[in-house]
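Novice: Numbering-wise (this note's numbering), the sequence shown opens with residue 113 and increments by one. Next up is a structure, given as structure tokens.
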Amino acid sequence: MARSDGPNCMICNCEKTMPLDAAKLSKALGEDIGQVHSHLCRSQLSAYEAALAGDEPLLVACTQEAPLFQEIAEEAGKPNQVGFVNIRENAAWSKDAGKAHAKIAALLQSANYEAKPARLKSITSDGMCLVYGAGQQALEAAKLLSRNLSVTLLLSADEEIVLPNIADVPIYRGTIGTASGSFGAFQLTIDNYAPSMPSSRDGLAFLLARDGAQTECSVILDLSGSAPLFPGHQHRDGYRRVDPGDPAAVLHAVMDLSEMVGEFEKPIYVNYNAATCAHARSKISGCNKCLDACPAGAISDAGETIAIDSGICGGCGACHAVCPTGSISYQYPQRSDIAGRAQMLLGAYGSAGGNHAVLLIHNEPFGSDRIAAMARYGRGLPAHVLPFAMHAPTTFGHVEMAAALASGAQQIVFLCDPKSRDELRGLETETALMEAILSALGFGDAARCSIVVEADPDQIEDHLWSLPSADTLEADSFTPVGSMRDVARMAFGKLHAQSAEKPQIINLPEKAP
């Protein structure tokens, strides 16, 4: 399908497991889609190769076989010519597949959105690795990692191990007392620290122990089974804490960490403007919302301002969501791109005849894995539920929610990993604020913004299929540019214009900005 406003689309019904109607899809897209393939990745691969021979960019409506299609593109010298979008699990493998053509059209069109890239931070890892754990398992993990990294084993408990004939991994005993820093520059303080004696025979013997030993390393594998060394440890690059009772997880961690030596680039997730920050002035304490919301401890008090350690920041976006002045602005993507992509998705869905859009905000790969499980083994997503992948759902604040609702979303559901439950305080505050405003505007007939903290696909599916209907909000899109307050004024202005009550004053919750 040749398109004047985007790449050529190649659509496949995956051996007819998706009931795609070419006429309905053409109508939804507003143009002829051409042939719907059935076996594009195998017997009809020549059609892809022929399309690739042209100069136009391609959008292939398949992500499962993306590695194959990408390999062919690279062999043809066109590695950047092809993009991919998932219409199978996200739309057409569903009990509602026959009603999903508007959603498919929206997914295809919104795949064209290009967000502004975030700035990058350069990180150097010298490959110094500390394995912290007990017993033979910790030793074996250290030996595997030593093939690529310079490894030291710190035994957290006295458990018997079979010593190797060649001491290729230095072995120490101790307990990590304090830990700080980030990937490439961790600093540790170790108590009861003692090196093993080379004369150890039937069991490990150690030299005289001491407290307060200090060391540095670039990466850490934590198999101790004790409390994490860092808050928000899931987002601390270079630190992997794994349940020692899960061999598969240990193996994955070893494989990941073994590649973490050399030069790396990490996104700088947020920008900070100290000039507008309300943290403190003239020694008078003001706003601490970002400090309270950050689960990783990446934000610290710097007197009249705050300091953000971009090495520690994992990009959850909670600080951006709760900042009342917009002094902290998310860059992965920017607020304007979050709202812009949502508007493109919702606008295309509405133009294609879709109604009662529910925006499902989720992160990768957690959300996509659950959506895939629902599609393969259950009812899949309802036709009106539009998946919207983010680096972190917690990026959404009341401004982004208002922009999405003003642009055609009737409801917003945040699907969150239970493992990240401690990161949701800011999102919970923001959804409560949004619900209070919507209720005052007369749009509180249903929970417009809700949070689902669940990992079981069956439970998620039941929730999405049982969402109560809400009175229709009319889509009235706008250009989401300017400061946080500019976007907020525009979004709430659109919602206020639809309100029958049109209140001039709205009583907000106690913790509202």
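Even for Gly, the Cβ is constructed at its ideal location relative to N, Cα and C.
For K378, report the span of its beta strand (DSSP E) as first-last.
Specialist: 374-379 is the extent of the beta strand (DSSP E) around K378.
Novice: E186 by DSSP, collapsed to three states: which one?
Specialist: Helix at E186.
Novice: State the start and end residues of the unbroken alpha helix (DSSP H) segment that holds E252.
Specialist: Counting along the chain, the alpha helix (DSSP H) containing E252 begins and ends at 247-257.
Novice: Rounded to whole angstroms, what is the Cα-Cα separation between E371 and N260?
Specialist: Straight-line Cα distance between these residues: approximately 7 Å.
Novice: For A188, which residues of its own chain have a beta-carbon under 7 Å away from its beta-carbon, when the five flanking residues on both sides are left out?
Specialist: If we look at A188 and ignore the five residues flanking it on each side, its Cβ neighbours are L164.
Novice: What would DSSP say about F318, mapped onto helix, strand or coil?
Specialist: In this structure, F318 counts as strand in the three-state DSSP scheme.
Novice: With a cut-off of 8 Å, do at least 3 Cβ pairs link the region 406-415 to the region 338-352?
Specialist: Yes, the region 406-415 is in contact with the region 338-352.
Novice: Taking S294 as the reference, give the member of G350, L267, T264 with the closest Cα.
Specialist: Minimum Cα distance to S294 is reached at G350.
Novice: Between V565 and V525, is the Cβ-Cβ spacing less than 8 Å?
Specialist: No, they are not a contact pair.
Novice: Please confirm if the region 581-590 is in contact with the region 453-463, defined as three or more CB-CB distances below 8 Å between the two stretches.
Specialist: At 8 Å Cβ cutoff, the stretches touch.
Novice: Which runs of the beta strand (DSSP E), 3 residues or longer, sit entirely within the region 513-551?
Specialist: Complete beta strand (DSSP E) runs here, min 3: 521-528.
Novice: Just verifying my parser: in three-state terms, what is the DSSP assignment at V362?
Specialist: It is helical.
Novice: CB Q443 to CB R200, shorter than 8 Å?
Specialist: Not in contact: Q443 and R200 (Cβ atoms no closer than 8 Å).
Novice: If you draw a straight line from the C-alpha of M113 to the C-alpha of S338, how long is it?
Specialist: Any reading at M113 needs caution, since the residue's pLDDT is 45, under 50, leaving its predicted position unreliable; the model's value is listed next. C-alpha separation (whole angstroms): 56 Å.
Novice: Considering only their Cβ atoms, is the gap separating D334 from V354 smaller than 8 Å?
Specialist: Contact flag set, yes.
Novice: Assuming P592 contacts L553 (C-beta within less than 8 Å), just tell me the rounded distance between them.
Specialist: In fact, because the Cβ distance is near 20 Å, the residues do not count as touching under 8 Å.
Novice: Just to confirm, is the Cβ distance from H432 to V382 under 8 Å?
Specialist: Yes.
Novice: Give the straight-line distance between the Cα atoms of R115 and A140, rounded to the nearest whole angstrom.
Specialist: Note that R115 scores 46 on pLDDT, short of 50, meaning its location in the model is unreliable; the coordinates nonetheless yield the value given after this. Their Cα atoms are separated by approximately 14 Å.
Novice: Can you name, in chain order, every residue of its own chain whose Cβ lies under 6 Å from the Cβ of G520, other than the five neighbours on each side?
Specialist: Hits under 6 Å: L458, G462, A469, A587.
Novice: Spatial neighbours of T236 within its chain, please: CB distance less than 7 Å, with the 5 preceding and 5 following residues excluded, ordered by chain position.
Specialist: Closer than 7 Å at Cβ, skipping near neighbours: G296, E375.
Novice: How is S116 classed by DSSP in three states: helix, strand or coil?
Specialist: Confidence is the limiting factor: at S116 the pLDDT is only 43, short of 50, which leaves the residue's position unreliable, though a coordinate-based value still follows. Three-state DSSP puts S116 in coil, outside helix and strand.
Novice: If we require 4 or more residues per run, which alpha helix (DSSP H) segments fall completely within the region 382-426?
Specialist: Runs found: 401-405.
Novice: Apart from the five residues on each side of it in sequence, which residues of its chain come closer than 6 Å, Cβ to Cβ, to A567?
Specialist: Excluding sequence neighbours, A567 sits near P530.
Novice: Is the Cβ-Cβ distance between M122 and V172 less than 8 Å?
Specialist: It is a contact, given that the beta carbons lie within the stated cut-off.
Novice: Where does I617 land, buried or exposed, given buried means 16+ other C-beta within 10 angstroms?
Specialist: Looking at its Cβ environment, which holds fewer than 16 other Cβ atoms inside 10 Å, I617 is exposed.
Novice: Using beta-carbon positions only, say whether P229 and L170 come within less than 8 Å of one another.
Specialist: Cβ distance not < 8 Å, so P229 and L170 don't count as in contact.
Novice: Nearest by alpha-carbon distance to S311: which of L275, I380, G286 is it?
Specialist: S311 has its Cα closest to that of L275, out of L275, I380, G286.
Novice: With burial defined as no fewer than 16 other Cβ atoms inside 10 Å of the residue's Cβ, what is the status of E622: buried or exposed?
Specialist: Exposed is the call here.
Novice: Restricting to Cα atoms, I'd like to know which of F181, H510, L251 is closest to L152.
Specialist: When each option's Cα is compared against that of L152, the closest is F181.
Novice: Ends of the alpha helix (DSSP H) at V599?
Specialist: Segment 596-610, the alpha helix (DSSP H) holding V599.
Novice: So, helix, strand or coil for L265, using DSSP?
Specialist: The answer is strand: DSSP assigns L265 an E or B state.
Novice: Going by the DSSP bridge assignment, what does T236 pair with across the sheet?
Specialist: T236 pairs with E375.
Novice: Is S463 near the ligand NAD, in the sense that its beta carbon is under 7 Å from a heavy atom of that ligand?
Specialist: Although the ligand NAD was asked about, the structure shown includes no ligands whatsoever.
Novice: Between the Cα of T301 and those of P307, M596, A291, M309, spot the shortest distance and give me the residue it belongs to.
Specialist: For the residues P307, M596, A291, M309, the minimum Cα distance to T301 belongs to A291.
Novice: Go through its chain and collect everything with a Cβ distance to A217's Cβ below 7 Å, but skip five positions before and after it.
Specialist: Excluding residues within five positions, the ones whose Cβ falls inside 7 Å are L137, A140, L141, A460, A464.
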